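Report on one structure; see the data block that follows.
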Amino acid sequence: MKSIIRELVLSRTYQQSVVPASEDDPNNLRLRGQNRRPLPAETIRDSLLMISGQLDFARRNSVVQQLGMYAIATSGARHVSLSQTGELRQRSIYLPVIRGAVPPSLAVFDFPNPDLVTGRRDMTTVPAQALFLMNSAFVRQLSEALSEDLTESAGTDSEILRQLFQRVLVRDPDAEEIQAGLQWIAEVMAEGRTRKEAIALLVQVMFSSAEFRFVD
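Positions in the sequence shown are counted from 1; adding 45 to them yields my numbering.
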């Protein structure tokens, strides 16, 4: 199975851009281009942690062990939020998936129901996903961590914006985007916030963007 997957993802067809190859096939029925698709839940969460420098690489015998009775208690005795699960910073593949307490960072992005056998995941784009990225304490913490990392370099705002685009969107910003970013920072600071807070808000905006969450 691994060999088949490797052959597929390394093929020229799989690696094609989403840019339409011709106007006579708008639905890409001939597969002359890649179909635009959202990142899966685990990839979004792991990318947020990696980009912000908060991914925990430490080896552990068990990530469930520190949850104590939360991991085995029945639903009636279990804390409704199971907040400890959301505080873990390991890669998503190592997260304990406890029925009835899937971390919101996964659940909102079409993570399969652990009570069921799921052969194919749903792929949705719903308001709850944008609201999570805009309001989640998890995303705010990671945005602040990245902002702190960028501002410690003591570079100019323009240099920080270029680093930010490279780390989040893996590309250089154009002149218009640089100007919009500088204007954003100036306007937020004019409201009484610090430079670090202004950049953290901009980081969160970029984490919430479609360009970050979709594969082109």
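Positions of the beta carbon are idealized from the N, C-alpha and C atoms, including for glycine. These numbers come from a predicted model, not from an experiment.
- For T88, the uninterrupted alpha helix (DSSP H) run begins and ends at 86 to 97, by DSSP.
- Between the alpha carbons of A182 and L246 lies a gap of roughly 13 Å.
- Inter-segment contact for the region 212 to 228 and the region 145 to 165 is absent: fewer than three beta-carbon pairs are separated by less than 8 Å.
- In this structure, S97 and A175 do not form a Cβ contact; the two beta carbons are roughly 19 Å apart against a cut-off of 8 Å.
- Pairing R258 with I89 gives a Cβ-Cβ distance under 8 Å.
- Excluding the 5 residues flanking it on each side, D167 has same chain C-beta neighbours closer than 6 Å at D155, in chain order.
- CA-CA distance, N73 to N80, rounds to 7 Å.
- DSSP assignment within the region 131 to 170 yields the following whole alpha helix (DSSP H) runs of 4 residues or more, N-terminal first: 149 to 152.
- Between the region 188 to 203 and the region 156 to 166, the count of C-beta pairs closer than 8 Å stays below three; the two stretches do not touch.
- Shown here for D70: same chain residues with a beta carbon closer than 7 Å to its own, the five before and five after excluded, namely R77 in chain order.
- By the beta-carbon neighbour count (other beta carbons within 10 angstroms, threshold 16), G237 is exposed.
- In the structure shown, the three-state DSSP call for R82 is strand.
- For Q208, the enclosing alpha helix (DSSP H) starts and ends at 202 to 213.
- Taking the Cα of A152 as reference, the smallest distance to any Cα among V162, F177, E132, Y139 is reached at F177.
- Going by DSSP, R185 is part of the alpha helix (DSSP H) stretching over 182 to 196.
- In the assembly as shown, S62 is an exposed residue. Its beta-carbon has fewer than 16 other beta-carbons within 10 Å.
- Judged by DSSP in its simplified three-state form, F102 adopts coil rather than helix or strand.
- Less than 8 Å separates the beta-carbon of A243 from that of V233.
- Taking the Cβ atoms as the reference, L187 lies roughly 7 Å from L94, within the contact range of under 8 Å.
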